[in-house]
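Chemist: In full-length UniProt numbering, the protein residues as written are 1 to 70.
This is the structure I want to talk about, given as structure tokens.
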Amino acid sequence: MPDLTDVAVMYNFLKGRLIIVRLCLMAAVLILVGIGIATIYSVGHPAEPSPATETGNLGNLWKKQVIFAV
């Protein structure tokens, strides 16, 4: 369980002179997490399914990744 001082430190994240850099880093993290989730989703839902591959089970992993990312 996080300590109250840890929560206070997180609120100080957006304070300071380099707020533009911090916002860019947060945007990059969100974009990379989104790309990762989309990649996991696309593995299980290919545009042209092939009977030789067993990707049906991999298609449901994107739901777990969303929960992990949140």
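Virtual Cβ for every residue (Gly too), placed ideally from N, Cα, C.
Just so we're clear, the structure is a prediction, and the values are computed from it rather than from any experiment.
#1: How about I40 and Q65: do their beta carbons lie closer than 8 Å?
#2: Return yes when the Cβ of G44 is within less than 8 Å of the Cβ of L23, no when it is not.
#3: Alpha carbon to alpha carbon, what distance is there between A38 and I19?
#4: Can you check whether the CB of V33 is closer than 8 Å to the CB of A69?
#5: Measuring straight from C-alpha to C-alpha, what distance separates V9 and L30?
Modeler: Walking through what the data contain:
#1: yes
#2: no
#3: 28 Å
#4: Going by C-beta atoms, A69 is nearer than 8 Å to V33.
#5: Here the alpha carbon of V9 sits roughly 21 Å from the alpha carbon of L30.
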